[in-house]
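This report concerns only the one structure given below.
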Amino acid sequence: MAIFHMSFSNISAGKGRSAIASAAYRSGEKLFDDKEGRHYFYARSVMPESFILTPKNAPAWAS
Numbered sequence: 001m002a003i004f005h006m007s008f009s010n011i012s013a014g015k016g017r018s019a020i021a022s023a024a025y026r027s028g029e030k031l032f033d034d035k036e037g038r039h040y041f042y043a044r045s046v047m048p049e050s051f052i053l054t055p056k057n058a059p060a061w062a063s
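So for the sequence shown, UniProt numbering puts the first residue at 1; every next one is plus one.
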């Protein structure tokens with residue numbers, strides 16, 4: 001039986017971290033950062049099941 005686990009952490013741009021880079025690392029997806037103008041991709045041999053949650057009022061491109 002699988003055991004569910006969820007964790008949250010703050011990502012501070014002031015400390016040189018990127019939310020896009022962090023999301024790409026966690027999801028194993030190739031994501032583009034408009035602010036920095038670059039792609040982030042962290043290849044994995046086993047892809048976890050992943051999804052990104054957005055609020056109801058988020059723009060269409062976010063989901």
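In this text, a Cβ means the ideal position worked out from N, Cα and C, and glycines have one as well. Source: prediction; values computed, not measured.
query: Per the DSSP calculation, Asp33 is bridged to which residue(s)?; result: Arg38
query: Would you kindly report the start and end of the unbroken alpha helix (DSSP H) that includes Ala60?; result: Taken as a continuous stretch (DSSP letters only), Ala60 belongs to no alpha helix (DSSP H), as it is neither H nor E.
query: Would you mind sorting Leu53 into buried or exposed? The rule is 16 or more other CB atoms within 10 Å of its CB.; result: exposed
query: Where does Pro56 fall in DSSP's three states?; result: Reading the sequence as shown, one finds Lys at residue 56 and not Pro. Reduced to three states, the DSSP call for Lys56 is coil.
query: Using a Cβ-Cβ cutoff of less than 7 Å, which residues in the same chain neighbour Ala62 once the five nearest sequence positions on both sides are dropped?; result: Thr54
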